[in-house]
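Colleague: Can you read through this structure? Questions will come right after.
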């Protein structure tokens, strides 16, 4: 009889736990602070995922994020090139404020002396003050001198390449000529980039063929070791930035060719992370974000990605340069749905700080807004406008559906013709997402709103000292 | 005790039926023949659904079809304009064979005398021979003279407009000038198009504001009355072809403007049909297909749709003209998944005939292939090539990933410059879906394959008598 009762008791217990589906251990240990994982691709375009319309790339796990979570279609980064975009996502501030945008140089190079100033507060640093474990896995590109490495900016752990994978090139061929060769001719050993663990170089040149896989694995290992307390992992893939490399397992897997192979390897890593979170009972208390630093590098043709129906790509302030896929996943946390709301990578700092019970810093201008109402409850986004900076200048502004181009310029390299527009060129991005049909007629009221936004912004703007310009 | 046993018995029965989830009545009445519903939009582009990447149009029900069913990304129609594309989907044959493609006129007009010849066998006619109830709801455009109406071609029931919604125009303004006016100036009464029920005109001019909604309702009503035996419904919306009209309920609903309102009203109709099928226990025995007749009419700017990342649109043999969204839904029948396989609207005739237990006609050349292995079991598609006809000429051919353009020409109207290419321009559509990067180098083997396909095709081709050219 006792045995029988015990069996029923355990059976009942099993059913109850199956229903709530949250292992008690994890829940207890973490309290109410959610974990955050930001996966940041490099040069991946708006049109490069199947859920964003690509016809020959398969991204089942990213599509699953879209189906079970939120898929945003008007989500922006703060710059159309690496360094400033990365400064912005980690600080919640426009890169012009931190000096991580420059009028002289687009990004940091191996000969650069500067980096993200110590006075800047990164999301990692901020979350640490609330007891988070923090890791940066992947591309940093905010300063590779000792004073600027991730470990100086609030990350407990760093594993990755401190800048772009096309740097430290040892081939004597001109840059573009080298990279435009057949895929077989591009060798990982021709890029003498270092791989760091914390502050030590552990491999040089990095074997870039395996780097995507290793980044995903490092992420899972870090979480495995730190799952008992809240964690923040910033997983910034070096790819699909040129040169393109992929592991043997994924080579030739995608119909899209090498570029697609890489996206599919990144996607598989996302799937591994999702599965791991679910197996460990962490999924309900973790917010997983996927986006990219800027649009596709179109001048590299099939070696670059696709902005889908958006105009132009990396390096420009057209939509293709700065609008990115953005997926938010957290079963039971993120309210599933398609979101046409405006959002920015800079909103993550403010939103995640709030969700971790932290105030945002009040001693500086913040450019992010709290979008947790949208993520958790499906409320309309609190973001109303987007500033499109190129270097240290505003080229365009979006307010609601309207976008005004004050300056237009093609991609850097061969298409860089700059044109100023007074009055600005106006588009309705909701009815004309491809920026094809310039609005004519009387838009005085709309233009007045733009003037006001710009006036308010410029009145409070203090440009940081240019961190990109100094060379060794 | 008896009561108790009865309760348990019914409880068990309930659980069993819940598990198999097929209402017995429907299953019994229909035997094993599946029902078919083809929803065919007009001028809807590859990029116009949210599941195909549109950033400001919401299509939750079509997206649900994509998630729960199959989403095809390389699915083609047989012509880039209305009449020939419609002849092809209903006969499973290239329109050049039936005379429904012409070198003189693109489509049928109200002054046309011709139509789909009686000798052609439509899918409706064929399925009727297996006991199907058949209805055509919507745009016909295969002949509006009595001899050519849907009821002469195997459809038991017809409700719809027999040609395009921009015809029978009563305004004296030039066509394009009229249509490019502000939306408020375009009036449904300026198009004196008739609405038929079977062979009678019941309304003229049609109130186009409510026509989309009425088509969806007619579909549901028809199924309601014929659910006891297998049915085939061909629901061919007249919209979003210009002029654009929408019901009051959907006006202003979409951020995309009037064009988006219409897509969202069509989507809602798809949702109503899906919900109805589920409520009636018909979903498991019905295959629902959604696609469109040709690409977006780009010369109408924001009044036309988007081909997403594909090149050009309606009227051309670039991908944007002939590649369409294609969704297949049937819970428990269609094997869910993203399909990069080649498919054609002409395959539906052969595939559905086979699924209904019918042989395909052997007295004529059929251009469709059986894709049921892909739909039901997820096998690779049996289709290996696509012919891109414009009028009665082959402009391009796709074999696997390669597409060869023999002739290129822009949209009709102002962009119609025709160029012949010898050797043909070659693209790899898997790595370059936007047809941007012409392949150079030695593709002799590939070109030989193209020669062979064309030789085989032309050897057996008997062009039908031009049905579009004769006017009253």
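Protein chains in written order, with the numbering used here: chain A, -7 to 464; chain B, -7 to 464. Beta carbons are placed, not taken as given, at the ideal position from N, Cα and C, and that holds for glycine. All values reported here derive from a predicted model rather than from experimental measurement.
(1) How is residue 459 of chain B classed by DSSP in three states: helix, strand or coil?
(2) Where does residue 416 of chain A sit, in a helix, a strand or coil, going by DSSP?
(3) Which residue wins for smallest C-alpha separation from residue 30 of chain A, given the options A:224, A:197, A:155, A:109?
(4) Look at the Cβ atom of residue 132 of chain A, then the Cβ atom of residue 335 of chain A, and state whether they are nearer than 8 Å.
(5) Residue 224 of chain B bridges to which residues according to DSSP?
(6) Find the nearest neighbour of residue 228 of chain A within the set A:402, A:151, A:190, A:244, judged by alpha-carbon distance.
(7) By a C-beta neighbour count over all protein chains shown, 10 Å radius and 16 as the cutoff for buried, is residue 130 of chain B buried or exposed?
(8) Thinking C-beta only, is residue 306 of chain B closer than 8 Å to residue 73 of chain B?
(9) Against residue 96 of chain A, what residues of chain B qualify as contacts under a CB-to-CB distance less than 7 Å, listed in chain order?
(10) Could you check which residue in B:92, B:94, B:135, B:110 has the C-alpha nearest to that of residue 102 of chain B?
(11) List the DSSP bridge partners of residue 335 of chain A.
(12) Listing by chain order, which chain A residues have their CB less than 8 Å from the CB of residue 332 of chain B?
(13) Distance check for residue 297 of chain B and residue 381 of chain A, CA to CA, integer angstroms please.
(14) Counting contacts by CB-CB distance shorter than 8 Å, is residue 168 of chain A in contact with chain B?
(15) So who's on the other strand from residue 399 of chain B, going by DSSP bridges?
(16) So, at 7 Å on beta carbons, what are the nonlocal neighbours of residue 243 of chain B in its own chain, with the 5 sequence-adjacent residues on each side left out?
(17) From residue 80 of chain B to residue 138 of chain B, what distance separates their C-alpha atoms?
(18) Does residue 367 of chain B come out as helix, strand or coil in the three-state DSSP assignment?
(19) Can you confirm whether residue 150 of chain A, when its beta carbon is compared against all beta carbons of chain B, has any partner nearer than 8 Å?
(20) Which two residues bound the contiguous beta strand (DSSP E) that contains residue 192 of chain B?
(21) So is residue 463 of chain B buried or exposed if we call it buried at 16+ other beta carbons inside 10 Å?
(22) Hey, would you say residue 282 of chain B sits closer than 8 Å to residue 319 of chain B, going by beta carbons?
(23) Give me the chain C residues within the contact set of residue 294 of chain A, using Cβ-Cβ distance strictly less than 7 Å, ordered along the chain.
(24) Taking just the CA atoms, how far does residue 201 of chain A sit from residue 99 of chain A?
(25) I need the straight-line Cα distance from residue 184 of chain B to residue 193 of chain B, nearest angstrom please.
(26) Please check if any C-beta of chain A sits within less than 8 Å of the C-beta of residue 66 of chain B.
(27) Comparing the C-beta of residue 465 of chain B with each C-beta of chain A, is any distance below 8 Å?
(28) For residue 298 of chain B, go through chain A and note every residue whose CB falls closer than 9 Å to its CB, in chain order.
(29) Taking just the CA atoms, how far does residue 300 of chain B sit from residue 222 of chain A?
(30) Find the residues of chain B that neighbour residue 393 of chain A, judging by a C-beta separation of less than 8 Å, and give them in chain order.
(31) If residue 239 of chain B sits next to residue 205 of chain B, beta carbons under 8 Å apart, how far is it from one beta carbon to the other, in whole angstroms?
(32) Is it a yes or a no for the segment 329 to 349 of chain A touching the segment 108 to 115 of chain A, going by three-plus beta-carbon pairs under 8 Å?
(33) Looking at the C-beta of residue 44 of chain A, does it have a partner C-beta in chain B at a distance below 8 Å?
(34) For residue 171 of chain A, I'd like the list of residues in its chain whose CB is within less than 8 Å of its CB, leaving aside the five on either flank, ordered along the chain.
(35) Would you report the Cα separation of residue 164 of chain B and residue 42 of chain B, rounded to the nearest angstrom?
(36) Kindly identify the DSSP beta-bridge partner or partners of residue 272 of chain A.
Modeller: Looking at the coordinates:
(1) coil
(2) strand
(3) A:224
(4) no
(5) B:28, B:126
(6) A:151
(7) buried
(8) yes
(9) In chain order: nothing, as chain B lies at least about 32 Å away.
(10) B:135
(11) A:67
(12) 47, 48, 50, 247
(13) 30 Å
(14) no
(15) B:412
(16) 253
(17) 21 Å
(18) helix
(19) no
(20) 192 to 195
(21) exposed
(22) yes
(23) Absent from the structure is chain C; the protein chains it does hold are A and B.
(24) 24 Å
(25) 12 Å
(26) yes
(27) Lying before the first or after the last residue shown, residue 465 of chain B is absent from chain B, which here runs from -7 to 464.
(28) 301, 425, 426
(29) 41 Å
(30) 247
(31) 5 Å
(32) yes
(33) yes
(34) 158, 178, 234, 235, 292, 295
(35) 38 Å
(36) DSSP, once it has assigned bridges, lists no residue as partnering residue 272 of chain A.
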